[in-house]
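The structure appears below as structure tokens.
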Amino acid sequence: MQLDRLVHFHKTLGDKTRIRIIALLKEGPLHGQAIAGKLGLTAPTISHHITKLRDIAVIYQRREKNTIYFYLDEKKLELMAQAILRIGSVNDMYTFDIEDEEKYKVIQNFVKADGSLKTIPAQRKKKLIILEHIVKGLERGKVYDEREINEHIKQFHEDYATIRREFIMCQFMFRENGKYELNPIEMWPV
1 MQLDRLVHFH KTLGDKTRIR IIALLKEGPL HGQAIAGKLG LTAPTISHHI
51 TKLRDIAVIY QRREKNTIYF YLDEKKLELM AQAILRIGSV NDMYTFDIED
101 EEKYKVIQNF VKADGSLKTI PAQRKKKLII LEHIVKGLER GKVYDEREIN
151 EHIKQFHEDY ATIRREFIMC QFMFRENGKY ELNPIEMWPV
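In this text, residue positions in the sequence shown follow the UniProt record's numbering: the first is 1, and each later residue adds one.
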């Protein structure tokens, strides 16, 4: 993430009305007229502020029949708000890494609300992100037998054999004599 994007994000949130809209949407989705009514503002004013919040992707919309409902993307809001804490040094301030945001988008696209996978991505880069997401639930230094690995994977997808094989092929895990252990994170391809 570039420093300019981070500054733009915080400037956009630096408005009382936008913060109030976020607070309302935290309780659940609302349509524009409902937001305007609750805040005592006109529909065009709400539309202006919603557009600004959509530009920084903390709000998204869904149409239901003739009504557009606005939703708060809490994970995106949290990710962007905490980005400032991930700045390593003064030199890093000009070379933000957009990797976290890209990973978030891939996970959002391939993982259902219950945590299971919609599908295993075909594209290698996306598959690696999903595999990393799954493997993060395992403990470092612990040796797992095949049954334990299968049970962990089944939480995400029924094809545990394919995902288990991908863990090994992509260097997330090491297998020897039916025992599995996480490789050091430096060996991971992502």
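Cβ coordinates follow ideal geometry from the N, Cα and C atoms, glycine included. None of the values given here were measured: they were computed from a predicted structure.
- For R63, the enclosing beta strand (DSSP E) covers residues I59 to E64.
- When A23, K136, I68 and E176 are compared, the shortest CA-CA separation from E74 is found for A23.
- Secondary structure note for M169: it is in no beta strand (DSSP E), and the uninterrupted alpha helix (DSSP H) holding it is Y160 to M169.
- In this structure, the beta-carbon distance from Y71 to Y60 falls below 7 Å.
- Residue state for V143 is assigned as coil, using DSSP reduced to three classes.
- Of the residues R20, K52, I56 and A161, the one whose Cα lies closest to the Cα of G40 is R20.
- G32 is a Cβ neighbour of A43, given a cutoff of 7 Å.
- In this structure, F110 lies away from I134, with their beta-carbon atoms at least 7 Å apart.
- Collapsing the DSSP output to three states places F9 in a helix.
- Here A161 is exposed: its Cβ has fewer than 16 other Cβ atoms, across all protein chains shown, within 10 Å.
- With contacts defined as CB atoms closer than 7 Å, E181 and F172 fail to qualify as a contacting pair.
- For the options V143, P189, K136 and L25, the alpha carbon positioned closest to that of Q155 is the one of K136.
- Residues of the same chain with a CB within less than 8 Å of the CB of K52, apart from the 5 flanking positions on each side, are T12, D15 and R18 in chain order.
- Taking P121 as the centre and dropping the five residues before and after it, the same chain places the C-beta of F110, K127 and I130 closer than 7 Å to its C-beta, in chain order.
- According to DSSP, residue pairing for K179 in a beta bridge involves D145 and E176.
- Excluding five sequence positions before and after P189, the CB atoms of its chain that fall closer than 7 Å to its own CB belong to L128, C170 and Q171, given in chain order.
- With respect to the 7 Å criterion, L77 and V58 are classified as neighbours on the basis of their beta carbons.
- Counting the other CB atoms within 10 Å of its CB gives E166 a total of 16 or more, which places it among the buried residues.
- Going by beta carbons, I35 and I46 fall inside the 7 Å limit.
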